[in-house]
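Visitor: Numbering (our numbering), first residue to last: 804 to 859. In this text, a Cβ means the ideal position worked out from N, Cα and C, and glycines have one as well. No experiment lies behind these values; they were computed from the predicted model shown. Before anything else, here's the structure in question.
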């Protein structure tokens, strides 16, 4: 994902085991690690909003 005025770059530390799982899923879905993490976070918050419409 390109850095634009609508995006903020974030750095985090993840366990080696979690990164292995993320990389495995990314490869299966033809995504980069960054794209896979973005998808995971996006889907998490979409699901959260769907389950609780009052969440802003």
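Using only the alpha-carbon positions, how far apart do residue 821 and residue 828 sit?
Guide: Residue 821 and residue 828: Cα-Cα distance of roughly 11 Å.
Visitor: Compute the beta-carbon to beta-carbon distance between residue 826 and residue 836, rounded to the nearest angstrom, for a pair I have assumed lies under 8 Å.
Guide: Yes, residue 826 and residue 836 are in contact; Cβ-Cβ is about 6 Å, under 8 Å.
Visitor: Do you know offhand how far residue 833's Cα is from residue 857's?
Guide: In a straight line, the C-alpha of residue 833 is about 34 Å away from that of residue 857.
Visitor: Could you check where the alpha helix (DSSP H) with residue 847 kicks off and where it finishes?
Guide: Here the alpha helix (DSSP H) through residue 847 covers 836 to 854.
Visitor: For the candidate residues 841, 853, 848 and 849, whose alpha-carbon lies nearest to that of residue 811?
Guide: For residue 811, the nearest C-alpha among the options comes from 841.
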